[in-house]
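>
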Amino acid sequence: MVLQLYNTLTRRKERFEPIDPTNVRMYACGPTVYDFIHIGNGRMLVVFDLLFRVLRHTFGPEHVTYARNITDVDDKINARAAEEGVAIADVTERTTRQFHADAAGLLCLPPTVEPRATGHIDEMTAICELLVEKGHAYVAAGHVLFDVPSMPDYGRLSNRSVEEMEAGARVDVAPYKRSPMDFVLWKPSKPGEPSWASPCGIAEPGRPGWHIECSAMAGKHLGQVFDIHGGGIDLVFPHHENEIAQSRCAHGTAVMANVWMHNGFLEAEAGEKMSKSLGNFITVRELLDQAPGEAGRLALLSSHYRQPLPWTERLVFDSRRTLDLWYELAADADDDGEIAPEVLDALLDDLNTPRAIAAMHVLRAEAAKGSSDAKASLKASARLMGFLQSSLETWRAWRPAGVTIDETRVDALITARLEARKRKDFAESDRIRDELAAMGVQLKDGKNKETGEFETTWETKR
Ligand code: AMP
Ligand code: ZN
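Residue numbers (our numbering): 2 to 463.
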């Protein structure tokens with residue numbers, strides 16, 4: 002089975018053939034760092050993390066480069082800093098830290114490179130210069146604007162007619178635009194807004210538009226043409242369409258990336274996209290406070306990535322129960338089991354996670370009958386998808402945020418356990434150990450260094 006991916010650009014599922022199998026290159030549009038991310042953003046992270054893992058498995062971990070950017074220049078960030086009365090860098094640094102914790106909480110591997118927009122301003126101004134030189138951009142009123150009619154096949158990714166695009170653009174047409182579809186590459190900054198020396202002979206300082214940030218970062222880290230570009234479905238137009246226009250016209254290439262992949266929306270209620278602006282969101286942080294990260298990850302992968310995913314509490318609950326079973330069965334399994342072909346085939350078929358999870362259920366049933374091969378295979382297959390990343394004890398000891406431990410009760414239970422051990426009632430002493438583990442308390446038995454007497458200490462495990 003070879004890897005097949007659905008390509009938004011061609012509207013077909015295609016066999017994936019990397020430009021260079023020793024360096025497979027993918028880019029995904031990362032977060033704008035002004036606030037906690039929500040679980041819709043989490044879906045995008047988990048989907049492209051799964052793709053990263055499948056590519057690493059297929060081509061070798063050292064042969065895949067994954068670039069996921071941090072957008073740290075954006076008007077939403079400026080607005081948040083002004084609202085809080087703090088420096089812009091305070092907002093972006095804090096939010097980036099929170100984002101890293103949330104991504105790790107959902108068991109996402111760190112990308113190979115994580116470029117920040119503020120570190121790539123020179124690359125952005127260079128693209129502006131190139132585009133003006135080649136007649137694809139012009140300067141007007143302190144802005145650099147992309148000249149959409151200069152690109153004959155603009156709109157191929159989103160497959161929109163010029164009329165449709167013009168109708169969309171007309172809502173807010175600035176007088177300095179030659180065509181209503183033209184979009185901003187660079188704009189002037191007012192005092193107090195972040196600013197850099199402008200390109201193309203513009204005297205006033207300015208800042209980049211959003212789309213050019215990704216063109217500059219992708220080009221710098223992955224080259225003028227690379228393999229896969231991804232993001233949520235809402236980014237197809239205008240963001241990805243405009244990235245393509247900028248990169249292709251600046252470099253004179255036929256494509257920017259060969260494969261364009263887009264995840265569907267996570268829906269708060271049937272048909273309603275979860276988003277910050279609608280206020281119908283759950284943050285990844287809230288999810289991680291209420292359920293183990295792996296349960297959230299499994300819930301996010303329960304639908305095929307291109308389908309909408311209606312979010313329910315039940316989904317997280319069921320995912321957690323499924324993982325309970327996987328964890329128990331894999332606890333004493335070998336570490337060198339084979340990935341089940343049914344699971345791998347499903348993933349290679351355009352990341353068909355519902356089919357992969359169904360195959361895991363079959364494997365789980367075999368493992369439950371005691372087959373050690375099935376157990377080892379269950380473990381290897383789950384790990385490929387980013388599950389079973391901790392021990393059974395740690396998994397069992399997970400507690401929701403805000404749950405505190407009653408220390409008097411812990412001490413009483415430890416004393417009862419020691420008494421049970423003294424009378425050699427090991428069933429009872431094990432039962433008490435399990436009861437404590439369920440409270441998130443892990444015991445350590447040993448000899449007191451000074452007195453030489455047997456003693457039990459404890460710690461909490463999350
Ligand atoms: P944003 O910070 O809004 O630019 O979003 C970051 C990433 O999350 C982008 O790739 C979006 O397409 C994606 N995204 C935003 N909202 C959702 C949603 N409700 N469901 C799935 N993906 C989303
Ligand atoms: Zn982007």
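Where is the CB? At the ideal position from N, CA and C, for every residue including glycine.
Using the beta-carbon of each residue, find all residues closer than 6 Å to any heavy atom of ligand 1 and list them in chain order.
This criterion selects Cys30, Pro32, Thr33, Gly41, Asn42, Arg44, Met45, Gly232, Gly233, Asp235, Leu236, Asn264, Phe266, Leu267, Lys274, Met275, Ser276.
> Classify Met125: buried if its beta carbon has 16 or more other beta carbons within 10 angstroms, exposed otherwise.
Buried.
> By DSSP's criteria, Ala258 is part of a beta bridge. Which residues make up the other side?
Looking at the DSSP assignment, Ala258 forms a beta bridge with Phe227.
> Might you give, ordered along the chain, the residues of its own chain that have their beta carbon closer than 6 Å to the beta carbon of Ser320, omitting 5 neighbours on each side?
Same-chain partners within the cutoff: Ala296, Leu299, Ala300.
> Count the CB pairs spanning the region 41-48 and the region 262-275 that are closer than 8 Å, and state whether there are at least three.
The region 41-48, when compared against the region 262-275, does touch it at the 8 Å Cβ threshold.
> Taking all protein chains shown into account, do 16 or more other C-beta atoms lie within 10 angstroms of the C-beta of Val3, making it buried, or fewer, making it exposed?
Its Cβ having fewer than 16 others within 10 Å, Val3 is exposed.
> What separation, rounded to the nearest whole angstrom, lies between the Cα atoms of Ala439 and Arg57?
Cα to Cα, the separation comes out at about 36 Å.
> Enumerated in chain order, which unbroken segments of the beta strand (DSSP E) with a length of 3 residues or greater are wholly contained in the region 168-247?
Here the runs fully enclosed are 184-189, 207-209, 227-233.
> Report the start-end ranges of each alpha helix (DSSP H) in the region 59-119 that is 4 residues or longer and not cut off at the edges.
List check, alpha helix (DSSP H) in window: 76-85, 89-106.
> Report yes or no: do the region 51-71 and the region 281-295 share at least 3 C-beta pairs separated by less than 8 Å?
The answer is no - the region 281-295 does not touch the region 51-71, with fewer than three Cβ pairs under 8 Å.
> Please classify Ile20 as buried or exposed, where buried requires at least 16 other C-beta atoms within 10 Å of its C-beta.
Exposed, since its Cβ has fewer than 16 Cβ neighbours within 10 Å.
> In this structure, does DSSP put Phe455 in helix, strand or coil?
Note: Phe455 maps to strand in three-state DSSP.
> Note the first and the last residue of the continuous alpha helix (DSSP H) segment covering His362.
Note, His362: alpha helix (DSSP H), 354-369.
> Are the beta-carbon atoms belonging to His212 and Asn243 less than 8 Å from one another?
Yes. Within cutoff.
> Excluding the 5 residues flanking Thr23 on each side, which residues of the same chain have their C-beta closer than 7 Å to its C-beta?
Here the set comprises His64.
> Between Pro32 and Ile38, which are expected to be in contact by the criterion C-beta below 8 Å, what is the C-beta distance as a whole number of angstroms?
Their Cβ separation, rounded to whole angstroms, is 5 Å, which keeps Pro32 and Ile38 in contact under 8 Å.
> Is His121 near ligand 2, in the sense that its beta carbon is under 7 Å from a heavy atom of that ligand?
Outside the cutoff, so no.
> For Thr9, count neighbouring Cβ atoms within 10 angstroms of its own Cβ and tell me buried if that reaches 16, exposed if not.
That one is buried.
> For Glu339 and Ala381, which I take to be in contact (beta-carbon distance under 8 Å), what is that distance rounded to the nearest angstrom?
At roughly 6 Å, the Cβ-Cβ gap stays under 8 Å, so Glu339 and Ala381 are in contact.
> Mark Ile203 as exposed unless 16 or more other C-beta atoms lie within 10 angstroms of its C-beta, in which case mark it buried.
Answer is buried; the Cβ neighbour count reaches 16.
> Spell out whether any CB of chain D is found under 8 Å from the CB atom of Thr395.
Chain labels in this structure do not include chain D; a single protein chain is all it has.
> What residues are listed by DSSP as bridge partners for Gln390?
Looking at the DSSP assignment, Gln390 forms no beta bridge with any residue, so it has no partner.
> Just how far apart, CA to CA, sit Gly232 and His362?
Looking at the two C-alpha atoms, the distance is approximately 29 Å.
> When you compare the CB positions of Leu131 and Ala246, do they come within less than 8 Å of one another, or not?
Not a contact, by the Cβ cut-off of 8 Å.
> Any heavy atom of ligand 2 closer than 7 Å to the CB of His240?
Answer for His240: yes, Cβ within range of ligand 2.
> Flag Glu124 as yes when its Cβ comes closer than 7 Å to any non-hydrogen atom of ligand 2, and as no otherwise.
No - ligand 2 has no heavy atom lying nearer than 7 Å to the Cβ of Glu124.
> Is the distance from the Cβ of Met182 to the Cβ of Glu167 below 8 Å?
In this structure, Glu167 lies closer than 8 Å to Met182 by Cβ.
> Can you tell me whether Gly156 is buried or exposed, with buried defined as 16 or more other CB within 10 angstroms of its CB?
Burial call: buried.
> Mapping the DSSP letters down to three states, classify Gly447 as helix, strand or coil.
Gly447: strand per DSSP, three-state reduction.
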